[in-house]
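Position in the sequence shown (first residue = 1) + 749 = this note's numbering.
Don't be surprised by glycine CBs; every beta carbon is placed ideally from N, CA and C.
These notes are about the structure you will find just below.
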Amino acid sequence: ASSAAARRCPHSLQVHRRAGSCNLSCPRGATAAEALEFIERRLGPLPEVEVLRVPPPGWAPDAERDRALRRALAVTSPELLLPEGPLEGEGDQELQRAVRRAVAAVDGQERLGGLLAEVWLACPARSTGHVRVTCCEPPGGGSVADVFHVELPPEASVAELRRSLAPELPEGAPVFALRADGNRAALHDADTVPAQVAVSCFRGVVTPAMVFRRGQVAEFMAMMMAAFRDEEMQRRLDALEQEAKGNDDMYRFLLGSLCNREVHPPIAKHFGLEKKHWFMPAMTGAFNAHFEFDLEMKEQWVELETLMRDKIMLMQATYSRDHLKAILEYVASCGDDSEHPRPAHAQLWQVVGGAQRGGLLVRLGQGIESQALPERLARGALVVELLLVGERLQYQKLYGEGPATGWVSTVLSGKPLLIPLRDPSLQNRLLPRPAQK
């Protein structure tokens, strides 16, 4: 088709992008797809774009957009008599149908028309607030994946994406759009961010919470629940239990094989990550990061493990839910006027280590040679930071078993013993408000 198009009479066309405009020639009567081929010969590979006869909203003042719309209607609906004043949202149904057709993206096989003098190229609007970012080079050490998601509004520009990734993405580092044909196209800062991009030189550490955002984890859980609520799936689990003959380890092995073979792949494909070995580890880590203090999601986790009949994971889910319930009940009992004297800008921490020794060793002083207390700070305890000196934390206990105050180590041999909590609802309830004058 393109060779036949090349033999037609040339037609001058002004092409507008966020990055700028240019004039070029394409065959008269070319389709939108043919015109894109000629444009890419001049400008190089483009991201997946739509061809428009009218500037997208926000690209031009209303008056300029209206003038472009009138020129487009002269091509698409020359028989119409156009009224004075703004065209969009005004006039009879026939006029509004013509307006909707003129402002819509041009179908690839539709001819642009010999009278059309200018077109606009724009990335299709994203259907979600997530942008998938693929690292062209390995990201920072300790990263769990080479793909992560950024939350940006659908109309966000590449410049806004850069700001959200700074300083881990160096200034001026190339940002590419990933095309359906597997190729990449360079993006300019003024371009609208497409649904998938690739970046070079990203130096940050990609964590599970970056790989999957909160809404994506909730979507994963909903898909897992639907899969295991299915009656046919439950009959298959009956067969697995019979095959395991009461051996829990054997049942978990058979269940894992079933999930890896039939359940997880279609869900991973839904997210466009079907060939990533880190899909499930990253999803599990993202669940723990995003829903640490979400009781409703913890209840859903218990229900899912019940449906899957995994006794060990059900025990873990139940413990996690009940532990959170106890913390939230304690938070509720504190009210807004807790008697505990606490610094106004303190940080909350939770004990995650020391389980094998019955908790963390607590000392009276900062030094590791100072007197040790006979009672240990139990795993799961919630404390407020009084002073942090290097890896030594002076705390005041808010919840859990152990000494009311003292000094503990936050890290041992590179492994965290306590982790800082970032949940704002707990911070607001447990930490004091500024004194009223």
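Listed in chain order, the non-local C-beta contacts of Asp895 below 8 Å within the same chain comprise Thr883, Cys884, Pro887, Pro888, Val955, local neighbours out to five positions each way being set aside. Taking C-alpha positions only, Glu837 is separated from Gln845 by approximately 7 Å.
Contact between the region 892 to 908 and the region 776 to 784 is not established, with fewer than three Cβ pairs separated by less than 8 Å. Within the same chain, Cβ atoms closer than 8 Å to the Cβ of Asp815 are found at Pro835, Leu836, Glu837, the five residues on either side in sequence being excluded. Per DSSP, the continuous beta strand (DSSP E) segment holding Trp1156 begins and ends at 1154 to 1158. Taking a cut-off of 8 Å for Cβ pairs, the region 994 to 1007 and the region 1066 to 1082 do not touch, as fewer than three such pairs fall below it.
Short of 6 Å from the beta carbon of Ala1017, and not among the five residues preceding or following it, lie these beta carbons of its own chain, in chain order: Glu1023, Phe1028. Looking only at Asp940, Gln983, Gly1021, the smallest Cα-Cα distance to Leu1004 is reached by Gln983.
DSSP places Ala988 in no beta strand (DSSP E) but in the uninterrupted alpha helix (DSSP H) bounded by 980 to 993. Your pair Val942 and Val880 checks out as a contact, with CB atoms roughly 5 Å apart and the cut at 8 Å. For the options Val1132, Leu1147, Asp1059, the alpha carbon positioned closest to that of Leu1167 is the one of Val1132. When secondary structure is reduced to three states using DSSP, Leu1147 falls in the strand class. Ranked by how close their Cα comes to the Cα of Thr877, the residues Ser1158, Leu792, Ala871, Arg963 have Arg963 in first place. If you check the CB distance, Ala809 and Ala851 do not come in under 9 Å. With fewer than 16 other CB atoms across the displayed protein chains lying within 10 angstroms of its CB, Leu830 is exposed. Contact check between the region 1103 to 1117 and the region 1153 to 1169: three or more CB pairs, one atom from each, fall below 8 Å, which counts as touching. DSSP, reduced to helix, strand and coil, places Thr1055 within a helical segment of the structure shown. Less than 9 Å divides the Cβ of His1039 from the Cβ of Ala958.
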